[in-house]
Amino acid sequence: MTPAPDKKPDRRPPYQHAADELRREIKQGRFKPGEQMPSVRELQDRFGVANMTARSALNVLRDEGLIYTIHGRGSFVADISDDLGEFSIGYTAPAWYLAKKAESEDEGGEGEPDDEPAGSSLTELLTALRDEIRALSAEHQELRREVEALKKAQQTQS
Numbered sequence: 002m003t004p005a006p007d008k009k010p011d012r013r014p015p016y017q018h019a020a021d022e023l024r025r026e027i028k029q030g031r032f033k034p035g036e037q038m039p040s041v042r043e044l045q046d047r048f049g050v051a052n053m054t055a056r057s058a059l060n061v062l063r064d065e066g067l068i069y070t071i072h073g074r075g076s077f078v079a080d081i082s083d084d085l086g087e088f089s090i091g092y093t094a095p096a097w098y099l100a101k102k103a104e105s106e107d108e109g110g111e112g113e114p115d116d117e118p119a120g121s122s123l124t125e126l127l128t129a130l131r132d133e134i135r136a137l138s139a140e141h142q143e144l145r146r147e148v149e150a151l152k153k154a155q156q157t158q159s
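Heads up: the sequence shown begins at 2 in my numbering, then just goes up one per residue.
Below you can see the structure in the form of structure tokens.
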């Protein structure tokens with residue numbers, strides 16, 4: 002009888018391997034919040050994959066909220082953790098969501114069946130929140146860069 006191999010071959014697609022490696026590096030701090038990720042071309046060379054495979058790996062990380070992309074500039078690590086390295090729980094819902102929630106409560110939304118399937122409004126809300134978080138994260142990173150530039154300018158004047 003032939004002994005079983007110690008390790009089964011990993012049958013996951015190559016983009017999943019690349020995404021897993023990049024995710025691990027982000028969580029270990031190799032890529033800091035606001036730092037630019039390697040370009041698609043650099044990922045192609047590093048992992049020995051096609052252009053679309055490298056893009057798919059970045060899309061996985063983007064869908065998880067670990068990175069955001071600014072068209073024409075590249076992909077950047079999102080600032081999604083608190084000081085403990087965990088996802089922040091001190092999130093305040095955006096004003097548009099709170100207003101919509103108040104409207105539905107005023108209309109007596111409790112106890113009435115929804116016209117929509119249960120998951121569709123939640124999916125829309127999560128998509129909207131993810132997009133808003135990405136936009137705010139990009140704005141936050143831009144403001145950080147501006148502050149750093151102002152500090153450097155102030156130091157050179159002194």
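Every residue gets a Cβ at the ideal spot worked out from N, C-alpha and C, and that includes glycine.
Distance, residue j Cα to residue i Cα
i	j	result
Asp80	Gln45	25 angstroms
Thr124	Gln156	48 angstroms
Gly66	Arg56	15 angstroms
Thr54	Tyr16	5 angstroms
Gln158	Leu126	48 angstroms
Arg135	Gly30	20 angstroms
Glu43	Glu22	14 angstroms
Leu151	Glu104	43 angstroms
Asp128	Ser122	Position check: residue 128 holds Thr in this sequence, whereas Asp was assumed. Straight-line Cα distance between these residues: approximately 10 angstroms.
Arg47	Leu137	31 angstroms
Residues near residue i by beta carbon distance below 6 angstroms, same chain, minus five either side
i	result
Gln37	Gly75, Phe77
Ala58	Tyr16, Ala19, Ala20
Ala154	none
Asp11	none
is_contact[residue i, chain C] using C-beta, thresh 8 angstroms
i	result
Asn52	In the structure shown, chain C does not exist; there is a single protein chain.
For residue i, three-class secondary structure by DSSP
i	result
Val61	helix
Ser122	helix
Phe48	helix
Ser138	helix
Reference residue i; option with closest CA among the options
i	options	result
Thr70	Leu151, Arg146, Gln142	Gln142
Gly49	Leu137, Pro14, Val148	Pro14
Arg24	Asn60, Arg12, Leu130	Asn60
Phe32	Met53, Leu62, Arg135	Leu62
Gly35	Lys153, Lys152, Arg145	Arg145
Val41	Leu151, Gly73, Gln29, Leu126	Gly73
Arg131	Val148, Asp64, Glu104	Asp64
Contacts around residue i, its chain only, beta-carbon distance under 7 angstroms, and the 5 residues preceding and following it disregarded
i	result
Ala139	Tyr69, Ile71
Leu85	Here the model assigns Leu85 a pLDDT of 39, short of 50, so the residue's position is not dependable, and the following value carries that caveat. Answer for Leu85: no residue qualifies.
Ile27	Leu67, Val78
Asn52	Val41, Gln45
Cutoff 8 angstroms; reference residue i; Cβ partners in own chain excluding five residues on either side
i	result
Val148	none
Pro39	Arg47
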